[in-house]
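**Q** There's a structure below that I have some questions on.
There are 2 protein chains.
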Amino acid sequence: MSTLDPSGRKPTLAVVGATGAVGGVMLDILSTRQDVYGEIRLVASARSAGKKLSVRGQRVEVVALAPEVFDGVDIAMFDVPDAVSAEWAPVAAERGAVVVDNSGAFRMDPDVPLVVPEVNADDARKRPRGIIANPNCTTLSMIVAIGALHEHYGLSELVVASYQAASGAGQAGIDVLYDQLERIGGKRELGHRAGDVRSAVDDDLGPFPAPLAMNVVPWAGSLQDGGWSSEELKVRNETRKILGLPGLKVAATCVRVPVVTTHSLAVHAVFESRVDQREAQALLAGSPGVVLNDNPEMYEFPTPADVVGTDPTWVGRVRRSLDDPKALDLFLCGDNLRKGAALNTAQIAELVAAELRG
Amino acid sequence: MSTLDPSGRKPTLAVVGATGAVGGVMLDILSTRQDVYGEIRLVASARSAGKKLSVRGQRVEVVALAPEVFDGVDIAMFDVPDAVSAEWAPVAAERGAVVVDNSGAFRMDPDVPLVVPEVNADDARKRPRGIIANPNCTTLSMIVAIGALHEHYGLSELVVASYQAASGAGQAGIDVLYDQLERIGGKRELGHRAGDVRSAVDDDLGPFPAPLAMNVVPWAGSLQDGGWSSEELKVRNETRKILGLPGLKVAATCVRVPVVTTHSLAVHAVFESRVDQREAQALLAGSPGVVLNDNPEMYEFPTPADVVGTDPTWVGRVRRSLDDPKALDLFLCGDNLRKGAALNTAQIAELVAAELRG
Chain A
4 MSTLDPSGRK
14 PTLAVVGATG
24 AVGGVMLDIL
34 STRQDVYGEI
44 RLVASARSAG
54 KKLSVRGQRV
64 EVVALAPEVF
74 DGVDIAMFDV
84 PDAVSAEWAP
94 VAAERGAVVV
104 DNSGAFRMDP
114 DVPLVVPEVN
124 ADDARKRPRG
134 IIANPNCTTL
144 SMIVAIGALH
154 EHYGLSELVV
164 ASYQAASGAG
174 QAGIDVLYDQ
184 LERIGGKREL
194 GHRAGDVRSA
204 VDDDLGPFPA
214 PLAMNVVPWA
224 GSLQDGGWSS
234 EELKVRNETR
244 KILGLPGLKV
254 AATCVRVPVV
264 TTHSLAVHAV
274 FESRVDQREA
284 QALLAGSPGV
294 VLNDNPEMYE
304 FPTPADVVGT
314 DPTWVGRVRR
324 SLDDPKALDL
334 FLCGDNLRKG
344 AALNTAQIAE
354 LVAAELRG
Chain B
4 MSTLDPSGRK
14 PTLAVVGATG
24 AVGGVMLDIL
34 STRQDVYGEI
44 RLVASARSAG
54 KKLSVRGQRV
64 EVVALAPEVF
74 DGVDIAMFDV
84 PDAVSAEWAP
94 VAAERGAVVV
104 DNSGAFRMDP
114 DVPLVVPEVN
124 ADDARKRPRG
134 IIANPNCTTL
144 SMIVAIGALH
154 EHYGLSELVV
164 ASYQAASGAG
174 QAGIDVLYDQ
184 LERIGGKREL
194 GHRAGDVRSA
204 VDDDLGPFPA
214 PLAMNVVPWA
224 GSLQDGGWSS
234 EELKVRNETR
244 KILGLPGLKV
254 AATCVRVPVV
264 TTHSLAVHAV
274 FESRVDQREA
284 QALLAGSPGV
294 VLNDNPEMYE
304 FPTPADVVGT
314 DPTWVGRVRR
324 SLDDPKALDL
334 FLCGDNLRKG
344 AALNTAQIAE
354 LVAAELRG
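Protein sequence lines, in the order shown, are assigned to chains A and B. When we follow our numbering, the leftmost residue of the first sequence carries the number 4, and every step to the right adds one. When we follow our numbering, the leftmost residue of the second sequence carries the number 4, and every step to the right adds one.
See below:
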């Protein structure tokens with residue numbers, strides 16, 4: 004990959020999957036962050052081709068995914084299902100684009116860096132396949148804050164319980180949660196007998212294995228060995244790769260909650276050295292991309308309803324464990340469509356854009 | 004405390020707080036379990052005196068709390084606020100009743116046993132003050148299952164994240180959740196921008212410090228030293244006392260979720276010896292008061308919507324930690340008004356009734 008010509012041309016960007024849930028947030032983000040791109044091409048499946056979408060205040064026509072759309076493209080963002088990325092990201096890379104991929108297809112490929120700009124920006128330059136992967140939304144909802152604490156204290160173990168939003172399962176997840184909330188709203192007899200919520204939502208479960216309204220569902224992803232869900236293994240494997248800690252102990256339980264957008268996590272983090280509550284709070288407050296919101300005396304702590312639509316990772320309930328001077332207990336919230344997906348992808352693309360412009 | 008006279012008289016029971024949320028479930032439980040009592044007296048504040056409530060198929064008039072109501076009472080259940088129990092439980096005990104108290108007033112008193120019949124039934128006999136305490140609902144939602152695993156493997160550490168139901172905050176919590184669900188139901192624009200859910204529920208928060216519908220709230224109870232909530236400390240202190248493990252390491256983060264009734268917990272439990280997934284599942288399946296519901300291949304795991312209204316502790320998602328052969332990760336659900344409150348109180352009272360009858 005050479006730098007762009009010295010004429011000062013701004014890089015050409017392709018957004019693949021522009022019409023999806025994350026794609027919509029991406030266009031919003033591209034319209035509000037510093038404008039570092041020349042042309043922006045919007046790409047989607049043939050079904051969506053011809054649609055016009057707004058980006059940077061202009062209407063842009065969506066073009067159908069094909070090898071030629073990547074000609075002249077410097078950076079290609081992919082927000083598409085794993086199988087689509089697996090097939091098309093190498094095509095884009097072969098045509099000279101640096102791919103920033105938000106699917107799970109390449110995250111654990113040793114020749115593909117997994118990047119969170121606040122944590123491991125330098126890894127973005129080591130991309131033998133021309134592909135950079137964007138982490139899973141659950142990992143991203145905590146990693147900036149955990150990375151900052153790791154840098155100071157040295158992380159040795161994580162125990163994570165998630166409170167994941169419906170939009171992590173895409174637009175279908177959002178739709179079914181709204182449908183269910185509409186069906187149960189105003190019915191004060193529900194929630195007292197086993198199965199009554201299930202009947203009230205008429206088994207319209209969408210992408211979830213149980214009702215989500217008035218419920219929590221301890222499952223996300225597909226079944227893996229040992230009873231683990233794929234989502235739980237992603238939290239373990241991706242955290243290890245991003246932090247460069249292949250032996251990090253991680254135990255995650257991933258649970259879906261009836262929230263539209265913004266993932267929350269309860270984290271028990273064990274470090275190599277002793278921790279201090281005030282010092283940890285100050286470290287977090289001073290870290291880029293993190294907001295400390297931790298004053299329980301005034302009922303100040305992050306909740307999804309107050310965090311959704313914002314960029315940072317919000318951290319509250321910072322406590323030193325009572326029985327382990329090397330452990331902290333925290334509660335974190337992050338918008339799973341922004342930092343958890345589109346924003347981090349945009350940040351990686353900006354790193355590449357700066358690099359290409361030399 | 005002597006046993007009852009040899010005529011075979013059944014013990015007289017007083018239910019103090021009969022008109023509350025737990026009291027209502029208690030009358031239901033008393034009407035469906037084996038009938039071991041003679042007279043049942045229903046007691047409440049003066050405001051509720053004269054009301055008639057159904058128990059064992061009969062209408063019984065509620066009497067106002069006063070010292071005399073305990074005359075001739077063998078067992079008195081208290082489901083009232085801490086301050087009311089603190090004042091009145093000793094009065095009942097002085098008049099000869101064995102008190103089974105569901106408040107937090109006496110749980111950590113060294114002269115008051117804290118009893119879960121499946122775990123430490125024998126402790127119920129050691130009651131120098133004539134008072135037996137019933138644990139907090141969050142502790143009760145996991146302790147039967149954790150106790151069974153402890154008996155086999157020897158527990159050394161717990162990391163707990165809770166998903167607590169609105170009814171843990173009483174009828175006011177239930178009411179405000181229904182109100183909020185009614186206000187948001189059908190509004191598909193909500194949940195995308197910070198503060199919009201807060202506006203939609205018109206800051207009608209009831210006993211919670213943030214909106215509960217379409218949200219999760221990382222707070223339960225009052226603020227204690229080090230940023231801990233009282234609920235989190237109860238999980239630690241009560242688990243230690245019930246299991247007889249004063250040095251047990253416990254780190255809990257307690258979070259309220261928009262579920263009416265049934266608490267859930269994600270638990271990372273570390274033991275003194277190596278664990279095995281299949282063996283742990285078999286142990287749980289064979290434990291009284293526990294239902295193993297753990298077949299993720301068929302999407303079988305407990306959720307509050309399927310557990311509410313039932314007696315047992317439901318356990319699923321049993322996994323051996325990938326990075327610690329001595330640790331298990333689990334997801335548990337328990338009805339916080341039944342096993343979490345009224346049922347456990349009734350079970351303790353039945354232990355005492357059997358003891359009194361010799």
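By construction, the Cβ of each residue, glycine as well, lies at the ideal position given by its N, Cα and C atoms. These numbers were taken from a predicted model, which means no experiment stands behind them.
For a cutoff of 7 Å on Cβ pairs, would you count E353 of chain A as touching chain B?
**A** no
**Q** Decide if G230 of chain B is buried, meaning its Cβ has at least 16 other Cβ atoms within 10 Å, or exposed.
**A** buried
**Q** So A356 of chain B packs on L152 of chain B, CB below 8 Å; how close in whole Å?
**A** That belief does not hold up - the Cβ atoms of A356 of chain B and L152 of chain B are roughly 30 Å apart, past 8 Å.
**Q** Against chain B, with Cβ distances strictly below 7 Å, would M4 of chain A count as a contact?
**A** A caution first: M4 of chain A carries a pLDDT of 46, below 50, which makes its placement in the model unreliable, though a value can still be read off. Not closer than 7 Å to any Cβ of chain B, the Cβ of M4 of chain A fails to qualify, so no.
**Q** Just how far apart, CA to CA, sit T35 of chain B and R59 of chain B?
**A** 8 Å
**Q** Looking at C-beta atoms only, is the number of pairs between the stretch 321-335 of chain B and the stretch 240-254 of chain A that lie closer than 8 Å three or more?
**A** By the criterion of at least three beta-carbon pairs nearer than 8 Å, the stretch 321-335 of chain B is in contact with the stretch 240-254 of chain A.
**Q** According to DSSP, Y166 of chain B sits in a beta bridge with which residue or residues?
**A** Answer by DSSP bridge pairing, in chain order: B:S267.
**Q** Could you have a look at A272 of chain A and say whether DSSP puts it in helix, strand or coil?
**A** strand
**Q** If the cut-off is 7 Å on Cβ atoms, which residues from the stretch 200-223 of chain A count as contacting chain B, listed in chain order?
**A** V200, R201, P212, A213, P214, M217, N218, V219, V220, P221 and W222
**Q** Roughly how many whole angstroms lie between the Cα atoms of Y166 of chain B and E185 of chain A?
**A** 23 Å
**Q** Going by Cα to Cα distance, which pick from B:D199, B:A197 and B:M301 is closest to A213 of chain A?
**A** Comparing Cα-Cα distances from A213 of chain A to each of B:D199, B:A197 and B:M301, the minimum goes to B:M301.
**Q** With which residues is M378 of chain A paired in a DSSP beta bridge?
**A** Residue 378 of chain A cannot be examined here, being either before or after the span of chain A that is shown, 4 to 361.
**Q** With burial defined as no fewer than 16 other Cβ atoms inside 10 Å of the residue's Cβ, what is the status of G23 of chain A: buried or exposed?
**A** Buried, by the Cβ-count rule.
**Q** Anything in chain A within Cβ reach of Q365 of chain B, meaning under 9 Å, just list it in chain order.
**A** In the structure as shown, chain B begins at 4 and stops at 361. Residue 365 of chain B is therefore absent and cannot be evaluated.
**Q** Tell me the rounded alpha-carbon separation between L56 of chain A and R62 of chain A.
**A** 5 Å
**Q** Do we get a CB-CB distance below 7 Å when we pair V162 of chain B with the residues of chain A?
**A** yes
**Q** Could you tell me the alpha carbon to alpha carbon distance between A344 of chain B and P249 of chain A, rounded to whole angstroms?
**A** 44 Å
**Q** Can you give me the C-alpha to C-alpha distance between R277 of chain B and E160 of chain B, rounded to a whole angstrom?
**A** R277 of chain B and E160 of chain B have their C-alpha atoms spaced approximately 14 Å apart.
**Q** Could you have a look at S159 of chain A and say whether DSSP puts it in helix, strand or coil?
**A** strand
**Q** Alpha carbon to alpha carbon, how far is R341 of chain A from T313 of chain A? Give it in angstroms, no decimals.
**A** Between the C-alpha atoms of T313 of chain A and R341 of chain A there is a straight-line separation of about 7 Å.
**Q** Please confirm whether K252 of chain B has its beta-carbon closer than 7 Å to some beta-carbon of chain A.
**A** yes
**Q** In the structure shown, what three-state DSSP assignment does N123 of chain B receive?
**A** Collapsing the DSSP output to three states places N123 of chain B in a helix.
**Q** Tell me whether P131 of chain B is buried or exposed, calling it buried when 16 or more other Cβ atoms sit within 10 Å of its Cβ.
**A** exposed
**Q** Which residues does DSSP list as the beta-bridge partners of N347 of chain B?
**A** According to DSSP, which records beta bridges pairwise, N347 of chain B is partnered with nothing at all.
**Q** Quick check on the burial criterion: 16 or more other C-beta atoms within 10 angstroms. Buried or exposed for A127 of chain A?
**A** buried
**Q** Starting from S202 of chain B, follow the beta strand (DSSP E) in both directions and report where the run begins and ends.
**A** Careful: S202 of chain B lies outside any beta strand (DSSP E), inside the alpha helix (DSSP H) at D199 to A203.
**Q** Please state whether the Cβ-Cβ distance between M111 of chain B and V262 of chain A is less than 7 Å.
**A** no
**Q** Rounded C-beta distance between M145 of chain A and L335 of chain A? I'm assuming under 8 Å.
**A** 5 Å
**Q** Using alpha carbons as the reference points, say which of A:V65, A:V258 and A:L180 lies closest to G224 of chain A.
**A** A:V258
**Q** Mind checking if R81 of chain A is an interface residue toward chain B, Cβ cutoff 7 Å exclusive?
**A** The question names Arg, but residue 81 of chain A is Phe in the sequence shown. So, not an interface residue.
**Q** Which partner residues of A79 of chain B appear in the DSSP bridge assignment?
**A** B:A17 and B:V102
**Q** Based on Cα-Cα distance, which residue from A:A96, A:V311, A:H195 and A:N296 lies nearest to N339 of chain A?
**A** A:V311
**Q** Along the chain, where does the alpha helix (DSSP H) containing T242 of chain B start, and where does it finish?
**A** S233 to L246
**Q** Answer with yes or no whether the minimum CB distance from A283 of chain B to chain A is below 7 Å.
**A** no
**Q** Should the stretch 173-181 of chain B be called in touch with the stretch 171-179 of chain A, which here means at least 3 C-beta pairs below 8 Å?
**A** no
**Q** Could you pull the DSSP bridge partners for L295 of chain B from this structure?
**A** B:V318
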